[in-house]
Structures are given as C-alpha cells and as structure tokens.
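Residue numbers (the working numbering): 119 to 448.
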C-alpha cells in the first residue's frame with residue numbers, strides 16, 4: 119500500500135513537472151517566437167579579453183537587458199587569427215541560433231594561415247562598429263610625431279622595432295601601410311608580432327620595442343597617465359574622445375585602417391532566419407546599453423547590413439589581400 123502511494127505521488131510530481139515545463143516552453147515561444155529569439159550562441163574566435171570578445175559580451179549584455187534574446191551565451195574558440203572559430207562556425211551549418219564576431223583581423227588571418235574556410239563560407243549579418251588603431255611610444259622616446267617615425271624608418275627601418283598583434287593582423291597591416299605611403303617597402307619595417315596587446319604593451323614599457331601599434335584601448339591607461347604618447351590615429355578625422363590626438367593623414371601619412379567589428383552566421387540558414395538574426399542585431403545596436411558601449415570604447419557607429427555590408431566586405435577582402443601581398447605574407 120505504501121509503495122503504491124509512493125508511486126502515485128512520484129507520478130503526480132512528474133506530471134506536474136511536465137505540465138510546468140510545457141507551460142514554460144509555451145510562454146517562451148509566445149514571447150520569443152523564433153529559435154534565435156529564444157537562444158543565441160555568440161562565437162568569439164579569440165581568447166577572452168580582446169576586441170572580439172568585448173563586442174560579444176557587450177552585445178550579450180544589451181540583448182539580455184532588453185529582452186531581445188532570452189538566452190545568450192558567449193563561446194570562445196581562439197587561435198590562428200580567428201580561423202579556428204571560423205571553421206567551427208562553418209561546421210554549424212544550418213544553425214540559425216549562432217552569430218560569430220569577426221572583423222579586419224580575420225581577413226588577414228585567413229590569408230596568412232591559408233585557411234580552408236573564408237568569409238565567403240559564412241553569411242554576413244552586420245557591421246556594428248569601427249575601432250581605430252594608434253601608434254604609441256614611451257614618454258621618453260625621441261619620436262614626437264609620425265614625421266619623426268618616418269624619418270627614422272628612412273634612415274634605418276631595421277633600427278626601429280615596431281610591436282603589435284599577429285602577422286597579417288590589423289596592427290601589422292597598418293605599420294606596412296604607413297611605410298608604403300611614404301615610398302618605403304612594407305617588408306623593411308622591423309615588425310615584432312605578439313600574441314596580444316598586453317604582451318606588446320609590456321615590451322614597449324620595458325624598452326624591448328620602440329613603437330607600439332594597436333587599438334587605443336590597449337594603451338589608454340598608460341596614455342592617460344602619461345607613460346605613453348600617441349603619435350597618430352588611423353582615422354580620416356579626429357575620433358570622438360581622442361580629439362587631442364592627431365590623425366595619420368593630417369601628418370601626411372595616407373594610411374587609414376579601421377578595425378571594423380561585425381557578426382556573421384553559419385552557412386545553410388534560410389533567408390527568413392538571416393532576416394531574424396539581422397533584426398536581432400539591429401535591435402541590439404539601438405539600445406542605450408550599446409550606445410554607451412560605443413562611447414566608452416571610443417568606437418564609431420558604422421552599422422551596415424544586407425547588400426551594403428556585403429559590398430563593404432568584398433572591398434575589404436580585396437584591399438587587405440593586396441596589403442598582405444605587399445607585406446610578403448601571401
């Protein structure tokens with residue numbers, strides 16, 4: 119008798135749980151009427167702490183806080199200039215609940231690593247922001263501006279150690295473009311690659327390298343305390359929040375290279391699913407939280423989607439492919 123009562127009680131509890139779960143799922147489907155509205159994985163093809171990771175986590179925060187997506191997870195898949203994460207995203211074919219962060223660095227990474235997968239194997243969703251690179255030196259450096267750096271390169275390019283991120287990445291490309299704009303061979307630049315901005319910063323402060331190249335945020339604390347100085351910013355016009363720092367073009371260096379950030383989706387999704395993911399990103403960038411992200415990180419709002427983003431991608435791939443050839447990387 120006791121055993122039968124126990125079984126009936128267990129059965130009742132299980133039935134209640136099933137009904138409760140069904141009700142919860144029904145409520146979720148009413149609130150988030152597509153798979154992507156219920157859950158999105160944001161693949162970051164890099165370690166935690168970098169620019170792609172920051173974009174993903176700020177987007178995750180904005181999506182959650184504004185109930186754009188019920189459950190958003192960030193998945194870090196680092197390595198090989200972003201191409202490991204790219205390959206994993208391609209393997210998620212047909213998964214309309216995945217977004218991957220991408221940007222300028224990945225184009226160079228694909229070329230340098232001779233990746234079997236390219237950006238043509240994934241689906242463009244949106245470009246969401248541009249970050250600009252800076253050349254920096256220690257406060258005791260004899261280099262006062264970009265003209266001094268160019269003169270030092272002209273005298274003996276090998277004597278000036280320039281440090282930044284991986285070969286073929288944005289930092290390397292910008293150093294090569296700056297030299298090329300002055301009639302110098304990009305391959306003559308003594309470029310020292312590091313795994314990340316933190317290592318480049320440490321080497322710069324210790325005197326192991328003479329010039330650092332990266333996004334401003336990698337050096338912002340040291341610039342603001344005076345231990346580092348900005349020689350120039352890789353933008354056409356002075357950047358909001360960095361108005362005191364001159365651009366490269368205004369110093370006669372025709373080298374503008376925005377480090378754009380965006381999102382791609384796996385191949386094999388339908389047009390309707392692509393439209394839904396695009397709508398999610400559009401709603402995210404319109405939130406106060408994302409606008410605050412742009413301001414805090416001194417990123418430009420350069421939102422693009424659809425044919426406009428596709429055309430931009432095509433131009434970027436062509437341009438960066440040419441630069442990597444000039445640098446002897448392809």
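The beta carbon of each residue, even a glycine, is placed where N, CA and C say it ideally should be.
Minimum Cα-Cα distance from residue 318 among the listed residues 283, 361, 274, 287 corresponds to 283. A straight line joining the alpha-carbon of residue 322 with that of residue 272 spans about 21 Å. A distance below 7 Å between beta-carbons, with the five flanking residues on each side excluded, links residue 236 to the following residues of its chain, in chain order: 228.
Your pair residue 212 and residue 384 checks out as a contact, with CB atoms roughly 7 Å apart and the cut at 8 Å. Taken atom to atom, the span from the alpha-carbon of residue 401 to that of residue 360 is near 28 Å. Secondary structure note for residue 383: its beta strand (DSSP E) is the uninterrupted segment 376-383.
With respect to residue 260, residue 302 sits apart: the two C-beta atoms are not nearer than 8 Å. The beta carbon of residue 308 sits closer than 8 Å to the beta carbons of 275, 276, 277, 278, 279, 280 from its chain, once the five residues preceding and following it are set aside; these are given in chain order. In this structure, DSSP gives residue 191 an extended state, which the three-state scheme calls strand.
CA-CA distance, residue 263 to residue 233, rounds to 37 Å. Per DSSP, the unbroken alpha helix (DSSP H) holding residue 341 starts and ends at 334-343. From the listed residues 160, 314, 390, 175, the smallest Cα separation to residue 408 is found for 175. Less than 8 Å separates the beta-carbon of residue 231 from that of residue 198. By the beta-carbon neighbour count (other beta carbons within 10 angstroms, threshold 16), residue 221 is buried. In the three-state reduction of the DSSP assignment, residue 226 falls in the helix class, which pools H, G and I.
Along the length of the segment 282-332, whole alpha helix (DSSP H) runs at least 4 residues long occupy 288-299, 315-324, reported in chain order. In terms of CA proximity to residue 181, 403 leads the group 329, 403, 344, 171. Residue pairing of residue 152 in beta bridges, as defined by DSSP: absent, with no partner found. The Cβ neighbour count for residue 210, taken over all protein chains shown within 10 Å, is at least 16; the residue is labelled buried. Beta bridge pairing from DSSP links residue 160 with 192, 217. Cβ neighbours of residue 424 within its own chain (closer than 8 Å, five residues either side excluded): 396. Shown here, residue 427 sits in a helix according to DSSP, grouped into three states.
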